[in-house]
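Residue numbers (the working numbering): 215 to 648.
Cβ atoms here follow ideal geometry from the backbone N, Cα and C, with glycine treated the same way.
In this text the structure is predicted, and so the values were computed from the model without any measurement.
In what follows, a structure is listed as structure tokens, so that the remarks can point back to it.
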Amino acid sequence: MWLPFTQMKDYNQNPLIIESAEGIKVKDTEGKEYYDGFSSVWLNPHGHRKAELDQAIRQQLEMIAHSTLLGMTNIPATELAEKLVHLTPEGLTRVFYSDSGATSVEIALKMAFQYWYNKGNRSKKKFVTMKNGYHGDTIGAVSVGALDIFHKVYQPLLFDSFKVPYPYPYRHPSGDPETCREECLAELQQVLEQHHEEIAALIVEPMIQGAGGMIVMPSGFLKGVERLCRQYNVLFITDEVATGFGRTGEMFAVNHEGVIPDIMTMGKMLTGGYLPVAATVTTEEIYQAFYADYTELKTFFHGHSYTGNQLGCAVALANLELYEKEKLIPQVQEKSTFVSTLLEEFQQLEHIGNIRQIGLMVGLELVQNKESKEPFEWAKRMGYHTSLKMRELGMLTRPMGDTLVFMPPLASTESELEAMLAIMKQAIQQVTNS
Ligand SMILES: *Cc1c(COP(=O)(O)O)cnc(C)c1O
């Protein structure tokens, strides 16, 4: 095999094969157990082998596993669409399915571009994105990505987009979130002022950049971005693939600032971490720009073989029912307060530069020197080695450079959260002090 986002030379030195799981622990083929400290890459809310979710799939199997959504629909996909329209902010009424976060972003971009095209505007064809942003790995999603380490090689393959600064208060010369926010908004305004006639849409990860290093935006920034998009007649796309379904303590991260996008993408936790289903949700206004006689050629020519898969949609429905039944989102709010209390102790550690958290999405930035904020030498791979130590100590996670990631399943109990953070702390101490 050739594993995703993996230097196989690293893997071969430390192979790992997962065989089974129970709750928030997974077990490898040697029988060693690990806490799933990153929710299997950010997508598992309830833990593994949740009875209700297993049951939903078995039940759907008695009916049908898959039929296409090209030109027809099916029951779970239809019911799930209704549910998503209900859960997303007012005004989002139409659901377009796909099967990964990246495809939900591709769809958002093509949809935004063709919206203007169908309305007769042929000049709005560019996108604005945030520096350090991440929206998935397909070519379109990479074109609106701006993470050098992942994206630089592919530059010759990409379409151009405007990359505006993202507010990162810890690394801003003033260190002040409000100054940083205003500066970034002013730069965005300048780009929009000069280029809005050629810009179809802006895309942003709401409230927090995930893969970019768990960077939480200062409050008021998202609202400011929304206001500028409206002012300059640019569609506003929020990528909720990482933040959606309660990860930040609200059903969607846009709820923190009462923001309503024109297009919202979602994936990861939608199916409870079981199956690949993603969705791009949009407004009636955008939907109607594609609705016409076939011969007008306004159709949205996009689709994937497994779009709207019944097993996936059935488990997604069961997942969202569990959110209500178990009052999962209020739980996230309480647990995130518990986690921030535990994280206070981490502030004392010699090499913890900055702790960032929203809900159960946490990043701990390691630095060589706390005073000067000087990073560790890149090639030392401190984040990688610290995470490898955590694995040895019984917890799985994946860092973003030297930012350690803690994204436990939302249903983790307080004692589980405590145990996971104890492992993190021990690993940080052992690796950074050696
Ligand atoms: C993970 C992620 C994606 C990509 O989702 P995949 O399902 O891995 O393709 C897109 N956007 C954001 C914000 C993400 O965190």
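Leaving aside the five residues that flank Lys339 on each side, the residues in its chain whose CB is nearer than 7 Å to its CB run, in chain order, Phe327, Glu412, Ala414. Between ligand 1 and the CB of Gly424, the shortest heavy atom gap is smaller than 8 Å. CA-to-CA, the gap between Gly438 and Glu407 works out to about 15 Å. Those residues having their beta-carbon less than 5 Å away from any non-hydrogen atom of ligand 1 are, in chain order, Ser314, Gly315, Ala316, His349, Gly350, Glu419, Gly424, Asp453, Val455, Ala456, Gly481. According to the DSSP secondary-structure assignment, Gly354 is paired through a beta bridge with no residue. Counting only the Cα atoms, Phe620 lies some 13 Å from Leu257.
In this structure, Leu323 is the residue among Val581, Lys594, Asn288, Leu323 with its C-alpha nearest to the C-alpha of Met478.
Taking one beta carbon from each stretch, the stretch 372–387 and the stretch 293–313 have fewer than 3 pairs nearer than 8 Å; the two do not touch. Closest by C-alpha distance to Gly359, out of Thr513, Ala593, Glu320, Asn332, is Glu320. DSSP places Lys223 inside the alpha helix (DSSP H), whose first and last residues are 222–227. Gly463 and Ala506 have their C-alpha atoms roughly 40 Å apart.
At a Cβ-Cβ threshold of 9 Å, Pro622 and Tyr249 count as neighbours.
The C-beta distance from Gly261 to Ile238 rounds to 4 Å, short enough to fall under 8 Å.
Inside the stretch 453–516, DSSP marks whole alpha helix (DSSP H) runs of 4 or more residues at positions 498–502, from first to last along the chain.
Of the candidates Leu230, Ala279, Asp268, Gly245, the residue whose Cα lies closest to the Cα of Leu525 is Ala279. Counting only unbroken stretches of 4 or more residues, the alpha helix (DSSP H) elements lying wholly within the stretch 235–274 are 253–256, in sequence order. Taking every protein chain shown into account, the CB of Ile500 has 16 or more other CB atoms within 10 angstroms, so this residue is buried. It is roughly 21 Å from the alpha-carbon of Met575 to the alpha-carbon of Pro490. Phe373 is the residue among Ser601, Phe373, Thr627 whose C-alpha sits nearest the C-alpha of Thr352. Annotation: Thr292 is outside any beta strand (DSSP E); the continuous alpha helix (DSSP H) that includes it extends over 289–301. Under the DSSP definition of a beta bridge, Lys340 partners with Ile413. In the DSSP assignment, Phe435 falls within the unbroken alpha helix (DSSP H) covering 435–445.
By the criterion of at least three beta-carbon pairs nearer than 8 Å, the stretch 310–318 is not in contact with the stretch 535–551. Rounded to whole angstroms, Thr497 and Pro544 show a C-alpha spacing of 28 Å. Ranked by how close their Cα comes to the Cα of Lys264, the residues Arg605, Arg570, Glu540 have Glu540 in first place. Comparing alpha-carbon positions, the option among Thr600, Glu630, Val495 lying closest to Val309 turns out to be Val495.
Counting along the chain, the unbroken beta strand (DSSP E) around Lys377 starts and ends at 376–378.
Note: Met575 is bridge-paired with Ile572 in the DSSP secondary-structure output.
When Cβ pairs closer than 8 Å are counted between the two stretches, the stretch 526–537 is seen to touch the stretch 291–298, the count reaching three or more.
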